[in-house]
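**Q** Pasting a structure below so you can have a look.
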């Protein structure tokens, strides 16, 4: 048996696209295009998420800079830290 012959019409219809080189090339191109489109969609989704996170962070930072209570607490902490630290003035240690 040199050549196998497919006798089932359903099998011929199913296997013909795999045997014909032009159809197989088109199928590969379509699969590649679908994969590229999926990757592009994932990249766009990630960029949207990063932009949203950046907007939230920008709002949080601007809120921290304009929040009066936080500003007063930060000033008090800095003042307390300066008073508690042992700093030398003109060679004399502050207690």
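Residue numbers (my numbering): 3 to 97. Using N, Cα and C, we set each Cβ at its ideal position, and we do this for glycine too. Note that this is a predicted model, so its numbers are computed, not measured.
#1: In angstroms, rounded to a whole number, what distance separates the CA positions of residue 83 and residue 38?
#2: Would you identify the three-state DSSP class for residue 72, choosing helix, strand or coil?
#3: When you measure from the CB of residue 27 to every non-hydrogen atom of the ligand COA, does any distance come out below 6 Å?
**A** Answer, in terms of the structure:
#1: 56 Å
#2: helix
#3: Only the bare structure without any ligand can be found here, which leaves the ligand COA out of the picture.
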